[in-house]
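Numbering (the numbering used here), first residue to last: 181 to 465.
Let me begin by presenting the structure, written as structure tokens, before commenting on it.
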Ligand code: HPA
């Protein structure tokens, strides 16, 4: 039984999940790739793949939005042992945040020390056009949910500087610098900025977007931050990348439209896939 503030509490559910994955073979990923929708083809580009279906893993969260179960695809990409997380779950689906960060704990337990995370986001920075790629350099947690809260196990360490930037930043600066160089070499213009995580599932109101702008957000979306908080708690290095699929609500004429968001996502998909491959390549051994 876990007790509050017991930093050494053992997670039996996680042990069972690790054992279930190991049934498939000696899978020891170095890097986790949590990619927004539309980047499935990148998993197809990996070699030596092993697919593990979410329902085969005890405690693994099932996706409720996209109509398919979550799964993990282990393989080799750019010479690195990677694992793709497909069918990411969101806070608005009703899961407690500890549940939606379970895949990160699992992949870390299997060996992953690094994580690349991508998403679609609304652009708040007025110089961002739809199609802009943005490296995430910081975030605003507008849900105030955190995988450390209410888990029955104290996050390690308790009560540190919330951002803990002096110890371990959420987004690895060296890796992000290298990733930016990759983008330059590919001729893909990428910006940097702050990502605000909101609950959703609807897009923001224009008033909320104006408020987020004043708070310093460059982009807004409904994912990524919980996984990043979890990864940082585990000491993993992270690169985060947003695709700005639309101008955030109220900053341009017209209504926000999910189909438009998907269309822009498709347009930049090729660049994004090349960039993610490059980001995998330039991770330090
Ligand atoms: N807001 C929140 N999430 C999003 C948006 C947005 O404008 N675009 C894509 N994901």
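Quick reminder that beta carbons are idealized off the backbone N, C-alpha and C, glycines included.
- The beta carbon of residue 363 lies closer than 6 angstroms to those of 370, 455 in the same chain, with the five residues before and after it left out.
- In the DSSP secondary-structure assignment, residue 303 is bridged to 399, 427.
- Contact between the segment 415-428 and the segment 447-463 is established, with three or more Cβ pairs separated by less than 8 angstroms.
- Taking the CA atoms as reference points, residue 309 sits about 10 angstroms from residue 444.
- For residue 378, the Cβ falls inside the 7 angstroms cut-off from some heavy atom of the ligand HPA.
- The secondary-structure analysis by DSSP pairs residue 319 across a beta bridge with 375.
- In this structure, residue 238 and residue 249 do not form a Cβ contact; the two beta carbons are roughly 14 angstroms apart against a cut-off of 8 angstroms.
- When the Cα atoms are used, residue 209 and residue 324 turn out to be separated by approximately 30 angstroms.
- Annotated as proximal: residue 319 and residue 405, with beta-carbon spacing under 8 angstroms.
- Following the DSSP letters along the chain, one finds residue 230 inside the beta strand (DSSP E) bounded by residues 227-233.
- Counted as a single uninterrupted DSSP element, the beta strand (DSSP E) harbouring residue 266 occupies residues 260-266.
- Under DSSP, the beta-bridge partners assigned to residue 417 are 294.
- Following the DSSP letters along the chain, one finds residue 212 inside the beta strand (DSSP E) bounded by residues 211-214.
- Using a cutoff of 7 angstroms, the CB of residue 384 counts as near the ligand HPA, since one of the ligand's heavy atoms is closer than that.
- Ranked by Cα distance from residue 327, the first of 411, 349, 233, 215 is 411.
- Boundaries of the beta strand (DSSP E) harbouring residue 256: 251-257, taken from the DSSP string.
- Residue environment: residue 438 is assigned as exposed (fewer than 16 neighbouring CB atoms within 10 Å of its CB, all protein chains considered).
- Between the alpha carbons of residue 351 and residue 322 lies a distance of about 18 angstroms.
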